[in-house]
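Okay, structure first, notes after.
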């Protein structure tokens, strides 16, 4: 991730994190702690995953990012059926490795319920922590 401001690239808001320092699950799923307001944005918001320290996804395994939605901040969250998923995988013979601060991926949110949470799932011993935050890609 660039350490410098790039005019027109994207915008971020202070402290709009789904969660900081999320430990990647080992062959399971974890839902980020914070629900953020995203309703009626018409496809103008994205989720970014950044390595918080070294991150490794083993060969032939993957990390999947899923969007969950709810009408209220403290309501019941469920996977958004129309939402895209993002998967990052290790190669056939080598792990995918990300350095501290490196962007792992970005996922544009669909027009959806008022609040979103992000679910991270792995199918094999991924290691490390990630920061998951909301941003606004320039259009």
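In our numbering, the protein residues as written are 2 to 140. Glycine included, every Cβ here is placed at the ideal spot set by N, Cα and C. Predicted, not measured: the structure shown is a model, and the values here were computed from it.
Span of the beta strand (DSSP E) around residue i
| i | result |
| --- | --- |
| residue 53 | No beta strand (DSSP E) contains residue 53, which DSSP labels as neither H nor E. |
| residue 68 | 63-71 |
| residue 106 | 104-109 |
| residue 98 | 97-99 |
Residue i beta carbon near the ligand MN (any heavy atom closer than 7 angstroms)
| i | result |
| --- | --- |
| residue 78 | The ligand MN is not part of this structure, which contains no ligands at all. |
DSSP bridge partner residues for residue i (one or two, in chain order)
| i | result |
| --- | --- |
| residue 29 | In the DSSP output, where bridge partners are listed per residue, residue 29 has none listed. |
| residue 21 | The partner list for residue 21 (beta bridge, DSSP) is empty, contrary to what the question assumes. |
| residue 126 | 27 |
Helix, strand or coil at residue i [DSSP, three-state]
| i | result |
| --- | --- |
| residue 83 | coil |
| residue 117 | strand |
| residue 36 | coil |
| residue 78 | coil |
| residue 131 | strand |
Cβ-Cβ separation, residue j to residue i (assumed contact under 8 angstroms), whole Å
| i | j | result |
| --- | --- | --- |
| residue 123 | residue 64 | 5 angstroms |
| residue 97 | residue 106 | The pair is not a contact, with the Cβ atoms about 10 angstroms apart (cut-off 8 angstroms). |
| residue 135 | residue 46 | 6 angstroms |
| residue 127 | residue 57 | 7 angstroms |
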